[in-house]
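Numbering (our numbering), first residue to last: 1 to 293.
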């Protein structure tokens, strides 16, 4: 698979794909009128919606950001050899191309300085660790892992009660804490020069976005604030994946309002195809995702 890269000022952003799969639109949005997908088919297909399967297209990928002296990974996808059955059978004990794709981008795990987890769901922390001699160890031995304090506390409080996130905490988060490589954040701030943490709780208690500002260019990695591009037209649509549904809608609506018709590149956590684009107004009203040329 050819890698996609973009320039954001002096920074380079590269998409590192782990897996792409369709997911039933009715399962993702159980309370939505799915005829809306047909209304927006002109810009949702083929990258974000498959009308034949009535499925959204979910891409599971990281963003590799190289800026100045820093090499940063934003989210680490599903990972290899992780026990995820029976809840997540397509993720169970899999072996994917992610590590090879990272190498294709010219980066070895030892070269990564920071791993920024927008939240701690299983599909965003998987490559935090790798299996080595029967033990889960940090994949990036020289990196600091940036976790939101409230997110971490929330997952820890539900250990054993959450069949989705508890296993991934044990194999993909706890080893990072035990290796003393975790840094906790709990405010909006400039984490590194030109790299900003922006809290957007709702999808999960400590969800955050990452903003990149370099020269006069501006981009935002939005994690799971927007799962599918249809939510740009319908920010009120709530996915089955979201925890605090009202807060998720409020955060998404605010974000879309602030970013519409702005010269800000959006890199969402699960958009397939070209991925990079802008939130734009439509003639006659409404908004859509305008893929960058």
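Backbone N, C-alpha and C define an ideal beta-carbon position, used for all residues, glycine too.
Roughly how many angstroms lie between the CA atoms of residue i and residue j, to the nearest whole one?
{"i": "residue 39", "j": "residue 143", "result": "45 Å"}
{"i": "residue 219", "j": "residue 194", "result": "10 Å"}
{"i": "residue 212", "j": "residue 269", "result": "15 Å"}
{"i": "residue 29", "j": "residue 240", "result": "6 Å"}
{"i": "residue 197", "j": "residue 74", "result": "11 Å"}
{"i": "residue 140", "j": "residue 164", "result": "24 Å"}
{"i": "residue 199", "j": "residue 256", "result": "15 Å"}
{"i": "residue 258", "j": "residue 104", "result": "35 Å"}
{"i": "residue 46", "j": "residue 183", "result": "39 Å"}
{"i": "residue 293", "j": "residue 135", "result": "44 Å"}
{"i": "residue 232", "j": "residue 214", "result": "25 Å"}
{"i": "residue 251", "j": "residue 133", "result": "42 Å"}
{"i": "residue 242", "j": "residue 249", "result": "10 Å"}
{"i": "residue 53", "j": "residue 238", "result": "20 Å"}
{"i": "residue 161", "j": "residue 152", "result": "15 Å"}
{"i": "residue 246", "j": "residue 235", "result": "11 Å"}
{"i": "residue 65", "j": "residue 33", "result": "37 Å"}
{"i": "residue 98", "j": "residue 263", "result": "30 Å"}
{"i": "residue 173", "j": "residue 128", "result": "7 Å"}
{"i": "residue 37", "j": "residue 26", "result": "11 Å"}
{"i": "residue 67", "j": "residue 10", "result": "7 Å"}
{"i": "residue 96", "j": "residue 55", "result": "22 Å"}
{"i": "residue 157", "j": "residue 24", "result": "30 Å"}
{"i": "residue 87", "j": "residue 284", "result": "43 Å"}
{"i": "residue 177", "j": "residue 171", "result": "11 Å"}
{"i": "residue 106", "j": "residue 89", "result": "31 Å"}
{"i": "residue 253", "j": "residue 209", "result": "14 Å"}
Spatial neighbours of residue i within its chain, please: CB distance less than 6 Å, with the 5 preceding and 5 following residues excluded, ordered by chain position.
{"i": "residue 60", "result": "18, 19, 77, 78 and 123"}
{"i": "residue 6", "result": "13 and 276"}
{"i": "residue 294", "result": "What the structure shows of the chain is the stretch from 1 to 293, and residue 294 is not part of that stretch, so it cannot be assessed."}
{"i": "residue 130", "result": "139"}
{"i": "residue 244", "result": "202"}
{"i": "residue 102", "result": "16"}
{"i": "residue 4", "result": "15"}
{"i": "residue 190", "result": "196"}
{"i": "residue 111", "result": "71"}
{"i": "residue 63", "result": "13, 74, 221 and 267"}
{"i": "residue 168", "result": "122 and 125"}
{"i": "residue 109", "result": "139 and 140"}
{"i": "residue 154", "result": "205"}
Can you find the residues in the same chain that come closer than 7 Å, C-beta to C-beta, to residue i, ignoring five residues on each side of it along the sequence?
{"i": "residue 229", "result": "44, 48, 271 and 289"}
{"i": "residue 281", "result": "260, 261 and 287"}
{"i": "residue 181", "result": "138, 143, 144 and 145"}
{"i": "residue 186", "result": "148, 149 and 150"}
{"i": "residue 50", "result": "22 and 57"}
{"i": "residue 279", "result": "232, 256, 259, 260, 266, 287 and 289"}
State the beta-bridge partners of residue i as determined by DSSP.
{"i": "residue 176", "result": "DSSP, once it has assigned bridges, lists no residue as partnering residue 176."}
{"i": "residue 4", "result": "15"}
{"i": "residue 220", "result": "211 and 266"}
{"i": "residue 205", "result": "According to DSSP, which records beta bridges pairwise, residue 205 is partnered with nothing at all."}
{"i": "residue 249", "result": "DSSP output for residue 249 lists no bridge partner at all."}
{"i": "residue 22", "result": "57"}
{"i": "residue 242", "result": "Bridge partners of residue 242: none, in fact."}
{"i": "residue 182", "result": "145"}
{"i": "residue 195", "result": "192 and 212"}
{"i": "residue 290", "result": "278"}
{"i": "residue 49", "result": "56"}
Quick one: what's got a C-beta closer than 8 Å to residue i's C-beta in the same chain, skipping five residues either side?
{"i": "residue 274", "result": "4, 47, 291 and 292"}
Chain D beta carbons: is any one of them nearer than 8 Å to that of residue i?
{"i": "residue 131", "result": "Among the chains in the structure shown there is no chain D, since it carries only a single protein chain."}
Query raised in the report: What are the start and end residues of each continuous alpha helix (DSSP H) run of 4 or more residues lying completely inside the segment 80 to 168, in chain order?
Result: 98 to 104, 122 to 125 and 149 to 157
Query raised in the report: Can you give, in chain order, each stretch of the beta strand (DSSP E) that sits fully within the segment 51 to 82 and has at least 3 residues?
Result: 55 to 67 and 70 to 74
Query raised in the report: How about the segment 113 to 127 and the segment 220 to 229: do they share at least three Cβ pairs that are nearer than 8 Å?
Result: yes
Query raised in the report: Quick one: any contact between the segment 143 to 160 and the segment 197 to 208, if contact means 3 or more CB pairs under 8 Å?
Result: yes
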